[in-house]
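Here's the structure, in structure tokens; my notes come after.
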DNA sequence: ACCTTATTGAGAAGTCTTTTCAATAACGCT
DNA sequence: AGCGTTATTGAAAAGACTTCTCAATAAGGT
Ligand SMILES: [Mn+2]
Ligand SMILES: [Mn+2]
Ligand SMILES: [Zn+2]
Ligand SMILES: [Zn+2]
């Protein structure tokens with residue numbers, strides 16, 4: 049059975065305090081800076097579990113690094129993210145969903161999933 | 049000045065023969081299998097250069113690996129790709145471009161770029 | 001042919017992530 | 001509260017992908 053540990057709680061807290069998407073390493077660094085002695089491996093494990101349970105969103109940065117965020121929206125949605133500070137806006141995109149489905153159907157692709165994210169500079173970082 | 053080498057030509061040839069998107073490592077493996085003694089580093093260098101010159105498209109797989117393809121379309125476009133065999137369909141997405149711009153503007157984001165790719169199983173792999 | 005220097009091959013190194021395994025601690029039970 | 005089971009942890013090793021280093025090679029202009 050799944051156990052509730054201090055470490056997992058700390059990861060949740062730290063992730064919630066983060067402004068936007070953060071990497072596992074950045075999160076671990078900030079936790080360490082705050083006095084925690086949690087290991088990097090445990091941060092990775094916690095984030096991976098949370099993503100699997102749907103409590104946390106993840107996406108690949110343009111550099112191929114996994115970033116994580118405790119999103120407020122529950123359902124499927126997309127992101128507009130500042131590539132400088134990580135600030136993130138959650139956006140619904142019904143037209144995208146339709147478009148994606150239509151394209152897949154048109155070319156007889158099944159079991160489809162789409163990656164749709166927008167990266168830019170927020171007004172503060174611009 | 050840029051020099052034309054046998055190795056670069058071989059990479060172009062191998063990439064063109066590939067059905068869809070392939071990783072640098074897969075491409076190198078297939079070239080090696082075909083008798084070439086080109087080094088992996090050179091394959092990476094060639095692909096990186098070609099992407100920079102706009103002759104080759106690249107995208108991040110869902111696992112975070114860089115994949116490459118010699119696309120037929122010149123301009124900006126997106127991809128519907130089989131996650132099993134790499135087979136790829138190039139798709140225009142005017143509505144997506146508009147939508148992307150609109151979202152960025154609405155939230156005062158500048159210097160935006162979007163990642164829009166659809167992954168699934170092609171009819172053969174399904 | 002010769003010279004200059006961009007390019008190559010081979011391996012080392014870098015970065016992100018997962019795995020291993022012995023030690024620890026969460027939680028159900030008494 | 002005490003106990004036993006076993007999920008979880010920390011630390012280090014390993015794995016995967018990519019880039020870098022540097023001496024040797026070869027492209028291409030003269
Ligand atoms: Mn989200
Ligand atoms: Mn393309
Ligand atoms: Zn910003
Ligand atoms: Zn396929």
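Protein chains in written order, with the working numbering: chain A, 49 to 174; chain B, 49 to 174.
A virtual CB, placed ideally from N, CA and C, is assigned to each residue, including glycine.
Classification of residue i by the beta-carbon crowding that lies within 10 angstroms, buried from 16 upward
i: residue 149 of chain B; result: exposed
i: residue 94 of chain A; result: buried
i: residue 72 of chain A; result: buried
i: residue 51 of chain A; result: exposed
i: residue 67 of chain A; result: exposed
i: residue 134 of chain A; result: buried
i: residue 168 of chain A; result: buried
i: residue 165 of chain A; result: buried
i: residue 12 of chain B; result: The question about residue 12 of chain B has no answer, for chain B in this structure spans 49 to 174.
i: residue 151 of chain A; result: buried
i: residue 57 of chain B; result: exposed
i: residue 126 of chain A; result: buried
i: residue 174 of chain A; result: exposed
i: residue 189 of chain B; result: Lying outside 49 to 174, the shown extent of chain B, residue 189 of chain B is not represented and no answer is given.
i: residue 159 of chain B; result: exposed
i: residue 76 of chain B; result: buried
i: residue 140 of chain A; result: exposed
i: residue 162 of chain B; result: buried
i: residue 98 of chain B; result: buried
i: residue 49 of chain A; result: exposed
i: residue 89 of chain A; result: exposed
i: residue 62 of chain A; result: buried
Per DSSP, cross-strand counterpart(s) of residue i
i: residue 167 of chain B; result: A:161, B:129
i: residue 105 of chain B; result: B:117
i: residue 139 of chain B; result: B:126
DSSP three-state assignment for residue i, whether helix, strand or coil
i: residue 71 of chain B; result: strand
i: residue 90 of chain A; result: helix
i: residue 85 of chain A; result: coil
i: residue 56 of chain B; result: helix
i: residue 149 of chain B; result: helix
i: residue 100 of chain B; result: helix
i: residue 95 of chain B; result: helix
i: residue 50 of chain A; result: coil
i: residue 110 of chain A; result: coil
i: residue 154 of chain B; result: helix
i: residue 77 of chain A; result: helix
i: residue 174 of chain A; result: coil
i: residue 66 of chain B; result: coil
(request) Give me every residue whose Cβ sits closer than 5 Å to any heavy atom of ligand 3, in chain order. (result) A:130, A:132, A:133, A:135, A:170, A:173
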